Amino acid sequence: MDILKLSTDLQSDLIRKLNSKSTLTEMLTQIVNRVGENLKAGACTIYIIDPSGDTATQRAGTGYQQQFVEKAQCKVLPAHLVVDKPKTEEKLGLTGWILSTGKSFLAETPDELVGHPHQIGKHDPIQLPNEKLSLQTFLGVPLRGLRGEVIGLIKAERREAQDDSEPVEPFSINDQIALETAARVASKTVAYVETAQNGQADDAITAWTRDVITESAATEGELDSFLDVVVSVMASAMSSDSCGIYLIDESKKTLTQRAGIRSQAFQIVIRSYKLPTLEDIERGEERVGLTAWIAATGQPFYAPNFDRMKEHPHH
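Heads up: the sequence shown begins at 0 in numbering that gives the first Met the number 0, then just goes up one per residue.
1. Would you kindly work out how many angstroms separate the C-alpha atoms of residue 176 and residue 251, rounded to a whole number?
2. Can you check DSSP and say which residues form a bridge with residue 141?
3. Report yes or no: do three or more beta-carbon pairs, one from the stretch 218 to 225 and one from the stretch 189 to 206, lie closer than 8 Å?
4. Quick check: residue 138 and residue 170, are their CB atoms within less than 8 Å of each other?
5. Given residue 73, which residues of its chain have a CB within under 7 Å of its CB, disregarding the five upstream and five downstream residues?
6. Using the beta-carbon count (16 or more within 10 Å), is residue 60 buried or exposed?
7. For the putative contact between residue 244 and residue 257, defined by C-beta atoms under 8 Å, what is the C-beta separation to the nearest angstrom?
8. Looking at the unbroken beta strand (DSSP E) that takes in residue 231, where does it start and where does it end?
9. Could you round the C-beta distance between residue 181 and residue 9 to whole angstroms and report it? I think they count as a contact, below 8 Å.
10. Identify, in the order they occur along the chain, each residue of the same chain with its Cβ nearer than 8 Å to the Cβ of residue 84, setting aside the five sequence neighbours on each side.
11. Just to confirm, are residue 301 and residue 288 a CB contact at a threshold of 8 Å?
12. Here's the rule: buried if 16 or more other CB atoms are within 10 angstroms of the residue's CB, otherwise exposed. What is residue 282?
13. Just verifying my parser: in three-state terms, what is the DSSP assignment at residue 67?
14. Residue range of the alpha helix (DSSP H) that residue 187 falls in?
15. Would you be able to state if there are at least three C-beta pairs under 8 Å between the stretch 233 to 243 and the stretch 15 to 24?
16. CB residue 185 to CB residue 293, shorter than 8 Å?
17. Pick out the complete beta strand (DSSP E) segments inside the stretch 31 to 101, 3 residues or longer, and give them in chain order.
18. Could you check if residue 48 is buried or exposed, using at least 16 other CB atoms within 10 Å of its CB as the buried criterion?
19. Grab me the residues of residue 64's own chain with a C-beta within less than 6 Å of its C-beta, minus the 5 sequence neighbours each way, in chain order.
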């Protein structure tokens, strides 16, 4: 699984949703849907700790967990109050334990799941009436805020197939890395939605876009792959139909497209232009095109509509 691509694609989609004023629940649902698909999870869930700090509420879910969105709640304790070997009445359940301690938990087998000292399973009869839950593997990681504090969790589950057609693969360390990546995206989503709701939507979109590009620049060694990230996130940030990047070659003679999305996506023939000189432009003997004009002159150009674009002497 390409972790960087998962993170970038998710964040690009979420930035577009933030631009369209989607709710936090809608955006977190986008995350669990993508994660559930990538991890082949039967259910994927996000809880966010309530302002009181004493409880957490399920804000998104897939599979059998979907029906409990905005309904299911869980107790949260300060980490120092969590008992290592709890009595029955002291058990928090796996969700409450992760939220309270800030620790991840991976159970590769049902025995590891049942063996956790805080495992309860008390909600199973409610969530799946007349069925046994039959969880075969479980993975949960905390969401952290800007100061490192726990603000929620995301968890994924795989159940035993009802027809026992094939064995259930356990979650792996690579799956945990992917879920931790999704957890960081979910944490950013919470923070940037909060900023947008405080009347700073443009600031939130700009900051998130810079964040994704900086993250990609630090981790992606291939230039073209990095440029793919840039066009994807910029198109989302600007709610544009397309976005493209062109680079001047070392000879300073040609301008060639290196990345593009939607209508600017690569065609059978890669878009390339002869790079005009400033003298060519000043003579004005022929139109060089807006793309080549911007590259040659280094000047930006903004057209609020097609008529304004046609007015440019080199369109």
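Where a beta carbon is used, it is the ideal one built from N, C-alpha and C, also for glycine. Only a predicted model underlies this, so the values are computations on that prediction, with no experimental measurement involved.
Working from what's here:
1. In the sequence shown, counting from the first residue as 1, residue 176 sits at position 177. In the sequence shown, counting from the first residue as 1, residue 251 sits at position 252. Straight-line Cα distance between these residues: approximately 43 Å.
2. Numbered from its first residue, the sequence shown carries residue 141 at position 142. Note: residue 141 sits in a beta bridge opposite 152.
3. The stretch 218 to 225 vs the stretch 189 to 206: no contact.
4. For the purposes of this step, residue 138 is identified with residue 139 of the sequence shown, where counting begins at 1. For the purposes of this step, residue 170 is identified with residue 171 of the sequence shown, where counting begins at 1. Closer than 8 Å, so yes.
5. Mapped onto the sequence shown, residue 73 falls at position 74. Excluding five sequence positions before and after residue 73, the CB atoms of its chain that fall closer than 7 Å to its own CB belong to 46, 54, 55, 92, 94, 95 and 98, given in chain order.
6. For this step, residue 60 is matched to residue 61 along the sequence shown. Residue 60 sits buried, since 16 or more C-beta atoms from the chains shown fall within 10 Å of its C-beta.
7. Position 245 of the sequence shown holds residue 244. Position 258 of the sequence shown holds residue 257. So it is a contact: roughly 5 Å between Cβ atoms.
8. Here the question's residue 231 lines up with position 232 in the sequence shown. Taken as a continuous stretch (DSSP letters only), residue 231 belongs to no beta strand (DSSP E), being part of the alpha helix (DSSP H) at 222 to 236.
9. Residue 181 sits at position 182 when you count from the first residue of the sequence shown. Residue 9 sits at position 10 when you count from the first residue of the sequence shown. Correct: roughly 7 Å between the Cβ atoms.
10. If you number the sequence shown from 1, residue 84 lands on position 85. Here the set comprises 116.
11. Taking the first residue of the sequence shown as 1, we reach residue 301 at position 302. Taking the first residue of the sequence shown as 1, we reach residue 288 at position 289. When the beta-carbon positions are compared, residue 301 and residue 288 stay at least 8 Å from each other.
12. Start at 1 with the first residue of the sequence shown, and residue 282 comes out as number 283. Burial check for residue 282: the Cβ neighbour count within 10 Å stays below 16, so the residue is exposed.
13. As a first step, residue 67 must be located in the sequence shown, where it is residue number 68. Helix.
14. To locate residue 187, count along the sequence shown from 1; it is residue 188. Start and end: 172 to 196.
15. Yes: the two stretches touch, three or more of their Cβ pairs being nearer than 8 Å.
16. The residue you call residue 185 lines up with position 186 of the sequence shown. The residue you call residue 293 lines up with position 294 of the sequence shown. No, the Cβ-Cβ distance between residue 185 and residue 293 is not below 8 Å.
17. Every beta strand (DSSP E) stretch that sits fully inside the stretch 31 to 101 and reaches 3 residues is listed by chain position as 42 to 48, 54 to 60 and 72 to 74.
18. One-based indexing of the sequence shown puts residue 48 at position 49. Classification of residue 48: buried, given that the 10 Å Cβ count is 16 or more.
19. Within the sequence shown, residue 64 is the residue found at index 65, counting from 1. For residue 64, same chain residues with a beta-carbon under 6 Å away, outside a window of 5 residues either side, are 42 and 44 in chain order.
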